[in-house]
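Chains as they are written, first to last, in our numbering: chain B, 1 to 145; chain P, 1 to 121. Note that the Cβ used here is the ideal one computed from N, Cα and C, for glycine as well.
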Amino acid sequence: MSNLIKSESRGGILENLNFGNWDPFQNFNTLLNELSNIQSRGQSHALIDIYEDDSNIYAQLELPGMKKENINIFVEENTLTVEAQEVFDQKDKGFKQHKERSFSNSILLPDHVDKDRVSAELKDGILHLTLPRMESKKPRRIEIK
Amino acid sequence: MTTLLEEKRTLTQTAFRKPDYEVMAHPEGVQINVHLPGVAKQDIELTLKNNILYLNANKSKPASNNYRLIHKEIPAMDYQLSLRVNNKLDMDSLRAQYKDGILEINLTNSKERKSKSIRVS
Chain B
1 MSNLIKSESR
11 GGILENLNFG
21 NWDPFQNFNT
31 LLNELSNIQS
41 RGQSHALIDI
51 YEDDSNIYAQ
61 LELPGMKKEN
71 INIFVEENTL
81 TVEAQEVFDQ
91 KDKGFKQHKE
101 RSFSNSILLP
111 DHVDKDRVSA
121 ELKDGILHLT
131 LPRMESKKPR
141 RIEIK
Chain P
1 MTTLLEEKRT
11 LTQTAFRKPD
21 YEVMAHPEGV
31 QINVHLPGVA
41 KQDIELTLKN
51 NILYLNANKS
61 KPASNNYRLI
71 HKEIPAMDYQ
81 LSLRVNNKLD
91 MDSLRAQYKD
101 GILEINLTNS
111 KERKSKSIRV
121 S
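Put into structure tokens, the structure is as follows:
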């Protein structure tokens, strides 16, 4: 969400400011439109850690409460995207509750990742992604003759 | 110098992350959902003392130290939260279950409150 505000909304409002013919209502409407766009997109950024060792790159994303079936992971060219969406309706205990949450993260993959062998596991609200290095790109030890 | 280092170490050890949580009131009582991603069930400690609910949860540590860090956003700190519980709730009714990184805590209204009737004289 913060990324969206930085890259689009705030810049958009500032660009529309024209102090020569300042129209406060126009700017207010622009602000409302920008906020409405953010709300309709409604996607949050999940916190992510990325590690590596000689064999793999590992990414961990915080997705508390998300079910496996509500998470989509796809690789397009050099970008891996994780999208998760939860629509929650609770009607027991004498009250109704409706909640919607969605997350979206994109990771730019380096060339040495084998995109066909990416695997994922969901445990205790953390999505663990394993991105194997291509065999030919793994660091190899060179013996001195 | 040693003292400063020791102090820094103590400060690092006592830093905690406050988890996100939601409190929902309903006619039967309250439900509290605490977000604890990365915590195993056995590492959650929940205590109710003097109407304050204390939660401590230790994050699972990586099995190997051979990883090299590329990018970090998730705080490495353990979770800690304390919430004052309304005394109209039955403390003995506390039930908690953990699933998919969410701890669901339920407390029901005290029976005295439920069955209280006022006689009109």
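Report the residue from the options whose alpha carbon sits nearest the alpha carbon of residue i.
| i | options | result |
| --- | --- | --- |
| residue 95 of chain P | P:25, P:32, P:17 | P:32 |
| residue 54 of chain B | B:145, B:70, B:144, B:133 | B:133 |
| residue 22 of chain P | B:50, B:110, B:99 | B:99 |
| residue 20 of chain P | P:118, P:119, P:101, P:106 | P:101 |
| residue 59 of chain P | B:48, B:82, B:124, B:128 | B:124 |
| residue 57 of chain B | P:79, P:66, P:57, P:56 | P:66 |
| residue 139 of chain B | B:65, B:45, B:113 | B:113 |
| residue 86 of chain B | B:44, B:145, B:136, B:117 | B:44 |
| residue 65 of chain B | P:98, P:24, P:109 | P:98 |
| residue 147 of chain B | B:141, B:119, B:142 | The structure shown does not extend to residue 147 of chain B, since chain B spans only 1 to 145, so no value can be given for it. |
| residue 122 of chain B | B:103, B:62, B:47, B:142 | B:62 |
| residue 15 of chain P | P:24, P:35, P:57 | P:57 |
| residue 103 of chain P | P:89, P:69, P:42 | P:42 |
| residue 75 of chain B | B:111, B:68, B:47 | B:111 |
| residue 40 of chain P | P:78, P:107, P:87 | P:78 |
| residue 52 of chain B | P:48, P:70, P:47, P:27 | P:70 |
| residue 88 of chain P | P:68, P:119, P:121, P:29 | P:29 |
| residue 105 of chain B | B:115, B:143, B:84 | B:84 |
| residue 129 of chain B | B:141, B:136, B:116 | B:116 |
| residue 111 of chain P | P:120, P:45, P:119, P:90 | P:90 |
| residue 24 of chain P | P:18, P:68, P:107 | P:107 |
| residue 70 of chain B | B:77, B:103, B:97 | B:103 |
| residue 48 of chain B | P:92, P:109, P:73, P:27 | P:73 |
| residue 92 of chain P | P:26, P:68, P:27, P:47 | P:47 |
| residue 27 of chain P | B:145, B:96, B:77, B:101 | B:96 |
| residue 105 of chain P | P:35, P:18, P:68 | P:35 |
Identify every residue that forms a DSSP beta bridge with residue i.
| i | result |
| --- | --- |
| residue 59 of chain P | P:39 |
| residue 67 of chain P | DSSP lists no partner for residue 67 of chain P. |
| residue 120 of chain P | Partner(s): none; residue 120 of chain P has no beta bridge. |
| residue 46 of chain P | P:55 |
| residue 103 of chain B | B:44, B:84 |
| residue 26 of chain P | P:29 |
| residue 59 of chain B | B:50, B:129 |
| residue 99 of chain P | P:102 |
| residue 89 of chain B | B:98 |
| residue 123 of chain B | B:126 |
| residue 71 of chain B | B:84 |
| residue 109 of chain P | P:89 |
| residue 82 of chain P | P:54 |
| residue 34 of chain P | P:21, P:103 |
| residue 113 of chain B | B:133 |
| residue 143 of chain B | BP columns for residue 143 of chain B are empty, so no partner. |
Since residue i contacts residue j with CB under 8 Å, what's their CB separation in whole angstroms?
| i | j | result |
| --- | --- | --- |
| residue 59 of chain B | residue 73 of chain B | The Cβ separation is near 10 Å, so there is no contact. |
| residue 126 of chain B | residue 75 of chain P | The Cβ separation is near 13 Å, so there is no contact. |
| residue 81 of chain B | residue 108 of chain B | No, residue 81 of chain B and residue 108 of chain B are not in contact; Cβ-Cβ is about 10 Å, not under 8 Å. |
Handout entry: the segment 48-56 of chain P touching the segment 75-91 of chain P, judged by at least three CB pairs closer than 8 Å
Key = yes
Practice task
Compile a chain-ordered list of the residues in the segment 85-105 of chain P whose CB is closer than 9 Å to at least one CB of chain B.
Solution key: 98, 99, 100, 101, 102
Practice task
Give, in chain order, every residue of the segment 71-84 of chain P whose Cβ lies closer than 7 Å to some Cβ of chain B.
Solution key: 71, 72, 73, 74
Exercise for the section: Using a Cβ-Cβ cut-off of less than 8 Å, give me the residues of the segment 62-82 of chain B that come near chain P, in sequence order. Expected result: 62, 63, 64, 65, 66, 67
Handout entry: Proximal residues, the segment 16-27 of chain P versus chain B, C-beta separation under 7 Å
Key = 24, 26, 27
Handout entry: Contact list for the segment 35-47 of chain P against chain B, Cβ threshold 9 Å
Key = 35, 36, 37, 38, 39, 40, 41
Problem - Near-chain P residues of the segment 41-60 of chain B (beta-carbon distance less than 8 Å), N- to C-terminal order - result: 47, 48, 49, 50, 51, 52, 53, 57, 58, 60
Exercise for the section: Identify each residue in the segment 114-126 of chain B for which the Cβ-Cβ distance to at least one residue of chain P is less than 7 Å, and report them in chain order. Expected result: 124, 125, 126
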